[in-house]
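**Q** Residue 218 in full-length UniProt numbering sits at position 218 of the sequence shown; the count goes up by one each step and never skips.
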Amino acid sequence: MNSKKCRSFAVNSLILILSVFALFPLFWICITAMKTQGEILREPLSITPNLQALRENMTEVWGRADWLLYYRNTIILTISVWAVQMVVAIPAAYAFAILKFRGAGIFFLLVLMRLMISPESTMLSNYMTVLHLGAYDTMFGIMLPYIVSAQAVFMFRQAFRQLPPALYDSAKIDGCGDFHYMIRIGVPLIKPYITAFSIITCVYQWNAFFWPMLITKTPEKRILPIAMTFFGLQAESGSEWGLTMTAAILVSFPLLLLFVIFQKQFVNSFVTSGIK
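1. Cβ atoms of A89 and F179: under 7 Å apart, would you say?
2. With H, G and I counted as helix, E and B as strand and the rest as coil, what does DSSP make of L163?
3. Can you list, in chain order, the residues of its chain whose CB lies under 6 Å from that of V260, leaving out five sequence neighbours each side?
4. Buried or exposed: where does K5 fall if 16 or more other Cβ atoms within 10 Å of its Cβ makes it buried?
5. Alpha carbon to alpha carbon, how far is P188 from P164? Give it in angstroms, no decimals.
6. Determine whether the beta carbon atoms of I249 and A33 lie at a separation below 7 Å.
7. Given that a residue counts as buried once 16 or more other Cβ atoms are within 10 Å of its Cβ, and exposed if not, what is F27?
8. Could you tell me the alpha carbon to alpha carbon distance between Q205 and A10, rounded to whole angstroms?
9. With DSSP collapsed to three states, give me the class of C202.
10. If you reduce the DSSP assignment to three classes, tell me which class I147 lands in.
11. Distance check for T229 and N57, CA to CA, integer angstroms please.
12. Assess contact between the region 200-218 and the region 97-105, defined as three or more Cβ pairs (one per stretch) separated by less than 8 Å. Is contact present?
13. Over the uninterrupted alpha helix (DSSP H) stretch that includes I79, give me the two end residues.
14. From the DSSP output, in three-state form, read off Y127 for me.
15. By DSSP, does P49 sit in helix, in strand, or in coil?
16. Report the option in E60, W82, A65 whose CA atom is closest to the CA atom of F197.
17. Thinking just about the alpha-carbon of each residue, which of W241, S239, E240, V203 is nearest to the one in L224?
18. I need the boundaries of the alpha helix (DSSP H) containing H219, first residue and last residue.
19. How far does the alpha helix (DSSP H) with F209 in it extend, from its first residue to its last?
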C-alpha cells in the first residue's frame with residue numbers, strides 16, 4: 001500500500017512539475033503585459049501585476065491596428081477550412097471504411113503517403129498553383145492547401161471501422177441508404193473523434209503563419225499571427241515587450257476561452273477515442 005502511495009505521489013509530482021514548465025511561458029506573457037517599459041527593463045522584474053499598465057497597454061495596442069478586421073479574417077479562415085474539411089473527410093472516410101470498391105486500398109495508400117509529406121516540401125508548388133488560379137492575396141488562396149485533410153480522412157476511417165458491422169446490416173435491412181446511415185447513425189457515433197479533430201484543426205488554423213504570410217501582401221487579408229508580427233516590427237522605440245505581450249494575449253485569448261468553454265468535451269473526446 002505504501003509502495004502504491006509513493007508511486008502515485010511521484011507521478012503526481014512529475015505531472016505538477018511538467019505543468020509548471022508548460023504554463024510558465026503563459027504566466028510570463030501575462031506578467032509582462034501588466035508592466036510598463038520601464039518596469040520590464042528594471043532588474044529584477046517584479047511579478048506583482050500592474051492593472052493600470054495592462055489597461056494602458058491594451059488601449060495602445062488596440063489603437064495601433066485594425067484588430068477587428070484581423071479577427072474577422074481569422075474566424076472566416078478557421079471556420080471555412082474546418083467546414084470544408086468535414087464535408088470532404090467524412091464521406092471519404094466512410095467510403096474507405098464501409099464501402100467496397102475497386103482500388104480502395106490504393107487510394108487509401110495515397111492518403112497515407114500524403115501524411116508522410118511535410119507541408120514545407122509542397123509550399124512552392126502550392127504557391128505556383130495559387131498564382132495560376134489568380135488567388136494570390138485572397139482568402140481562397142490562404143484556404144486552398146488546407147481544405148483537404150489526410151489526417152481527418154485517416155482518423156475518421158479508423159472510427160467508422162470500429163462500428164459494429166451488424167449495425168450497418170440492420171440499417172440496410174430497414175431500407176436505410178448509405179448516405180442516411182452515414183449522417184444519422186455513423187456521424188453521431190464517431191462524434192468524439194470529430195470533436196477532437198475539430199479542436200485540433202481550429203487551433204492549427206488560428207495559429208497558421210507561414211503560408212498566410214507567403215500568400216498575402218495587403219493588410220486587408222492578414223490574419224492575427226501575421227498582424228502580431230507586423231505589430232512587433234512597427235514598434236516605435238525598439239522592442240516594446242509590454243505591448244508585444246499584450247498583442248499576444250489578444251491573439252491567444254479566443255483559443256484559451258474556447259478551451260475553457262469546451263474543456264470537458266475536449267478531454268472526453270480524447271478519452272473516448274482512446275478507449276474505442
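Glycine included, C-beta positions come from ideal geometry on N, C-alpha and C.
**A** In this structure, then:
1. Taking 7 Å as the cut-off, the beta carbon of F179 is found no closer than this to the beta carbon of A89.
2. Collapsing the DSSP output to three states places L163 in coil.
3. Excluding residues within five positions, none has a Cβ falling inside 6 Å.
4. Only exposed fits K5, as fewer than 16 other CB atoms lie within 10 angstroms of its CB.
5. The alpha-carbon of P164 is positioned some 14 Å away from that of P188.
6. Taking 7 Å as the Cβ cut-off, I249 and A33 qualify as a contacting pair.
7. Result: exposed.
8. For Q205 and A10, the distance between alpha carbons rounds to 37 Å.
9. Helix.
10. The answer is coil: DSSP assigns I147 none of H, G, I, E or B.
11. When rounded, the distance between both Cα atoms is 17 Å.
12. Output reads no: the region 97-105 does not touch the region 200-218.
13. Residue range 67-97 is occupied by the alpha helix (DSSP H) that includes I79.
14. In the structure shown, Y127 adopts helical secondary structure according to DSSP, grouped into three states.
15. When secondary structure is reduced to three states using DSSP, P49 falls in the coil class, being assigned neither helix nor strand.
16. Considering only alpha carbons, the answer is W82.
17. Nearest option by C-alpha distance: V203.
18. At residue 219 the sequence reads Pro, which differs from the His that was named. That residue, P219, is in no alpha helix (DSSP H); it is neither H nor E in DSSP.
19. Where F209 is concerned, there is no enclosing alpha helix (DSSP H), given that its DSSP letter is neither H nor E.
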